Amino acid sequence: MSLVVVLVFFGVAAGVIGKIKGSSFFLWFLIGFCIPFGGVLAAILYRFDRKEPLRRCPECNKVLALHVQVCTRCGRDLEWPEEALFER
Ligand SMILES: [Zn+2]
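Numbering-wise (our numbering), the sequence shown opens with residue 57 and increments by one.
Next up, the structure:
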């Protein structure tokens, strides 16, 4: 009985974290419930689904994540952009 309570706790924890990050509460609840520690950990490490800031390389126009410092296509050093893109 207590095991179920612990599993539900992990499920809710993973679900809330997943929901905050723009994913499905129910999906992460199931993951947290089935894989107690791993599920919560995965939810914490899971990237934000929405509004991941992006930027465009001024040299070759490749769209990269904001935190990328060197363009993966042309190798140009990238400055911190004045405005980030939010398109995918
Ligand atoms: Zn580039």
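C-beta: ideal position from N, C-alpha, C; glycine also.
These numbers come from a predicted model, not from an experiment.
The Cβ neighbour count for V126, taken over all protein chains shown within 10 Å, is under 16; the residue is labelled exposed. Boundaries of the beta strand (DSSP E) harbouring L120: V119 to A121, taken from the DSSP string. In terms of CA proximity to K118, R129 leads the group V124, P109 and R129. R132 is bridged by DSSP to nothing; it lacks a bridge partner. Inter-segment contact for the segment 107–116 and the segment 84–93 is absent: fewer than three beta-carbon pairs are separated by less than 8 Å.
Contact annotation: F65 and F93 have beta-carbon atoms that are not nearer than 9 Å. Residue side-chain check: R129 places its Cβ nearer than 8 Å to a non-hydrogen atom of ligand 1.
Secondary structure of V126 (DSSP, three-state): strand.
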